[in-house]
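The structure appears below as structure tokens.
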Amino acid sequence: MAEKAYDYIIVGAGSAGSVLANRLSARPDVTVLLLEAGGSDKSLFVRMPAGILKLDSPRYDWRYDTVPQAAMNGRRMFQPRGRLLGGSSSTNAMIYMRGQPADYDHWRQLGNAGWSYADVLPLFKKAENNERLHDEFHGQDGPLNVADRPYTNPLSHVFVEAAQQIGIPFNPDFNGAVQLGCGLFQVTQKNGERWSAARAYLHPAAARKNLTIVTKAQATRVLIEKGRAVGVEYVRRGKRHRVRAEREVVLAGGGINSPQLLLLSGIGPAAELKGIGVPIMLDLPGVGKNLQDHLNVSVVQRATGAVTLDDKRSGFASLAVGLQWMLFKTGPGTTNVAEAGAFIVSSLGAATPDIQYHFIPSQVVNHGRTVLDGHGITIHVNCLRPQSRGEIRLASADPLRPPLIDPNYLAADYDRKILIDGTRRAREILAAPAFKRWLGEERIPGAASQSDAALTECIRATGETEYHPVGTCKMGSDAMAVVDERLRVRGIEGLRVIDASIMPTLVSGNTNAPVIMIAEKGAAMMLS
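What follows is the structure, encoded as structure tokens:
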């Protein structure tokens, strides 16, 4: 028997789940239960933007690894995902980026009514409170604060100058009329602190009597009766619990955890489920398929002086940064590390930018877990619209065992060509006059790596995720679609997925803002 009944049960308190919990519980006549596998976000390292480097811990992160990647020298590649209130919005680099209008128009062209750019722009604006930009593209009344950083490293300004010197136009707003260009990123911060989805949406709603938030509660399956989702089973502190949903169950676990939970619940490819002993509730072949992610390759170059962030990561310098942040909420403690960037069109002939750069005034390789000597800078080169497709599968019927994550990186040769093109153009930026007095030798890929073959080997050996897994419960009407345009799981009543996994194709940029938009739209659909 179920312990207790709620109108709505939301699984996952990340970017999407925080929005949903706020918007649904704003209706005083409904009850909402929010389940989160991780714990609290009340940590100094979560609040302090530069604390991102301290969040690589099981306390805050699922710390997943992929299966061996055939085209990446057989490497098991680290796949961090936030595991706390706010999810990855509490552990990310805080970049506010929506993608391109064409991304959403493409979703509409795939048959998803109501998802064109004209349809979703009002929802981006509804979510946003932009401190600087006041025009037809931005909102000023939303919960999500978007700001310019109080601190920017001098080399980030040099990057923007150098990019302009090689012909990349300056862009003061990557989320405005055009995405093309170079500039400083706006961030989800407020008064020098991280402004996660939990800070923006969940904490203001937490005191509502009709909202119950349960942390350290890992969902193990959705309860299905007669083709309808009626509740959720979860494990907390070693004990198994059941709760009932009178109206709907909503999965908001993201591109990895939502398909995992559907599969554990017997909703997915029947042959796969049968092979590992999961009772089949619905043969839905698209669950876990269509995995897309931004693969990035780094260009790392030495700096000639101690002007980078490298010297502020340890010792007395680190303490001074922390003290300045705690007292004044200023200084390098407010950096999001990836401070500047650019969007460019590759030589492969795209109509809109297909390469994104993140400029980091520090040497950041292997997700920051490998510390290089001296001082330097990094440019992350991203293929914005990868053609490779991977999948999420179950390792076994054990709900507490991590899923098998296979992004299938570089399965499409197009992705490799884009990254090579982007690496060459990044080198042009670093060779521009503005950088001349600041930079020394190239460390990665290294001056000897000039041919396509040498750059390919560097990509295979050093490429990493840019933390944007999406698409595994895709929206659509074709045979592989998992949810319809109202985000309802096809073939099961009372069950929706509202998170990054519903994206049919990956957006051309960072994914946190789009996920918040998806949740705003999903909540409005549920309440309509």
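In this text, residue positions in the sequence shown follow this note's numbering: the first is 38, and each later residue adds one. A virtual CB, placed ideally from N, CA and C, is assigned to each residue, including glycine.
request  = Would you check if the distance between the CB atom of ILE293 and the CB atom of TRP99 is smaller than 9 Å?
outcome  = Numbered from its first residue, the sequence shown carries residue 293 at position 256. Numbered from its first residue, the sequence shown carries residue 99 at position 62. The answer is yes: Cβ separation under 9 Å.
query = Once you ignore the five residues that flank GLY427 on each side, which residues in its own chain have a CB closer than 6 Å to its CB?
reply = On the sequence shown, position 390 is the one that residue 427 refers to. The answer, listed in chain order, is LEU328, ASP443, PRO444 and ASN445.
ask   = Can the beta-carbon of PRO390 be found less than 9 Å from the beta-carbon of LEU543?
value = Indexing the sequence shown from 1 puts residue 390 at position 353. Indexing the sequence shown from 1 puts residue 543 at position 506. Their beta carbons are not under 9 Å apart, which means PRO390 does not touch LEU543 by this criterion.
query = For HIS171, is the classification buried or exposed, using 16 other Cβ atoms within 10 angstroms of its Cβ as the cut-off for buried?
reply = As a working mapping, residue 171 is identified with position 134 in the sequence shown. Exposed is the call here.
Range covered by the alpha helix (DSSP H) that runs through ILE553 = Within the sequence shown, the letter at position 516 stands for residue 553. Residues 549 to 564.
Proximity below 9 Å, CB of GLY359 to CB of GLY370 = Residue 359 sits at position 322 when you count from the first residue of the sequence shown. Residue 370 sits at position 333 when you count from the first residue of the sequence shown. The answer is yes: Cβ separation under 9 Å.
key: beta strand (DSSP E) runs wholly inside the segment 421 to 461, at least 3 long, in chain order   = 428 to 430 and 441 to 443
ask   = Taking Cβ to Cβ, would you say THR372 is nearer than 9 Å to ALA87?
value = As a working mapping, residue 372 is identified with position 335 in the sequence shown. As a working mapping, residue 87 is identified with position 50 in the sequence shown. Yes, the Cβ-Cβ distance between THR372 and ALA87 is below 9 Å.
query = What three-state label does DSSP hand PHE472 in the structure shown?
reply = Translated into the one-based positions of the sequence shown, residue 472 becomes position 435. DSSP places PHE472 in helix when its eight states are reduced to three.
task = Report the residue ranges of all beta strand (DSSP E) runs contained in full by the segment 478 to 555; include only those spanning at least 3 residues, in chain order.
result = The qualifying runs are 532 to 534.
query = How about the segment 305 to 321 and the segment 552 to 559: do they share at least three Cβ pairs that are nearer than 8 Å?
reply = Touching, no.
message = Looking at the strands, I want to know which residues DSSP matches up with THR407.
response = Taking the sequence shown and counting its residues from 1, one reaches residue 407 at position 370. Note: THR407 sits in a beta bridge opposite VAL402.
key: Three-state secondary structure (DSSP) of ARG350   = Translated into the one-based positions of the sequence shown, residue 350 becomes position 313. Coil at ARG350, not helix or strand.
message = So if DSSP puts LYS276 in a beta bridge, which residue, or which two residues, is it bridged to?
response = For the purposes of this step, residue 276 is taken as residue 239 along the sequence shown, with counting starting at 1. ARG273, per the DSSP bridge assignment.
Euclidean distance between Cα positions of GLU73 and ARG273 = For the purposes of this step, residue 73 is identified with residue 36 of the sequence shown, where counting begins at 1. For the purposes of this step, residue 273 is identified with residue 236 of the sequence shown, where counting begins at 1. Near 10 Å, if we compare the C-alpha coordinates of ARG273 and GLU73.
Backbone CA spacing between SER193 and ALA50 [nearest angstrom] = For the purposes of this step, residue 193 is taken as the residue at position 156 of the sequence shown. For the purposes of this step, residue 50 is taken as the residue at position 13 of the sequence shown. Distance from the CA of SER193 to the CA of ALA50, rounded to the nearest whole angstrom, comes to 33 Å.
ask   = When you compare only the Cα positions, how much space is there between PRO398 and PRO316?
value = Mapped onto the sequence shown, residue 398 falls at position 361. Mapped onto the sequence shown, residue 316 falls at position 279. Rounded to whole angstroms, PRO398 to PRO316 spans 51 Å at the Cα level.
ask   = Looking only at its own chain, which residues have a Cβ that is under 8 Å from the Cβ of MET38, when we skip the five neighbours before and after it?
value = Taking the sequence shown and counting its residues from 1, one reaches residue 38 at position 1. Residue placement at MET38 is poorly supported in this model, since its pLDDT is 45, which falls under 50; the coordinates are not used for a value here.
request  = Ignore the nearest five residues each way along the sequence and tell me which others in TYR188's own chain have a CB closer than 7 Å to its CB.
outcome  = As a position in the sequence shown, residue 188 is number 151, starting the count at 1. The answer, listed in chain order, is THR367, GLY368, PRO369, THR371 and THR372.
ask   = Excluding sequence positions up to five away, which residues of its chain have a Cβ less than 8 Å from the Cβ of GLY176?
value = Counted from its first residue, the sequence shown places residue 176 at position 139. So the list reads PHE161, LYS162, LYS163, ALA164, GLU165, ASN166 and ASN167, once near-sequence residues are dropped.
inquiry  = Just verifying my parser: in three-state terms, what is the DSSP assignment at LEU121?
reply    = On the sequence shown, position 84 is the one that residue 121 refers to. Strand at LEU121.
Identity of the residue in LEU288, LYS253 and GLY291 nearest LYS566 by Cα = As displayed, the chain neither begins before 38 nor continues past 565, which places residue 566 out of reach and without an answer.
key: Neighbour-count burial assignment, VAL507, 16 or more Cβ in a 10 Å radius   = In the sequence shown, the residue the question calls residue 507 occupies position 470. Buried, by the Cβ-count rule.
ask   = When the Cα atoms are used, what is the spatial distance from ASP348 to LEU476?
value = As a working mapping, residue 348 is identified with position 311 in the sequence shown. As a working mapping, residue 476 is identified with position 439 in the sequence shown. Going by the C-alpha atoms only, they are around 16 Å apart.
message = On a Cα-Cα basis, can you pick out the residue from ALA516, ALA130 and GLY513 that is closest to GLN223?
response = As a position in the sequence shown, residue 223 is number 186, starting the count at 1. The shortest C-alpha separation from GLN223 is found at ALA130.
inquiry  = Report the start-end ranges of each alpha helix (DSSP H) in the segment 281 to 324 that is 4 residues or longer and not cut off at the edges.
reply    = Secondary structure remark: continuous alpha helix (DSSP H) runs of at least 4 residues inside the segment 281 to 324, in chain order: 291 to 301 and 307 to 312.
ask   = Pick from TRP232, THR249, GLU478 and ILE414: whose alpha carbon is nearest that of MET85?
value = The residue given as residue 85 occupies position 48 in the sequence shown. For the residues TRP232, THR249, GLU478 and ILE414, the minimum Cα distance to MET85 belongs to TRP232.
key: At least three beta-carbon pairs within less than 8 Å, the segment 333 to 340 to the segment 472 to 492   = yes
query = According to DSSP, is LYS41 helix, strand or coil?
reply = Start at 1 with the first residue of the sequence shown, and residue 41 comes out as number 4. LYS41: strand per DSSP, three-state reduction.
query = How big is the Cα-Cα spacing for LEU92 and ASN403?
reply = Taking the sequence shown and counting its residues from 1, the one referred to as residue 92 is at position 55. Taking the sequence shown and counting its residues from 1, the one referred to as residue 403 is at position 366. Approximately 14 Å between the Cα atoms of the pair.
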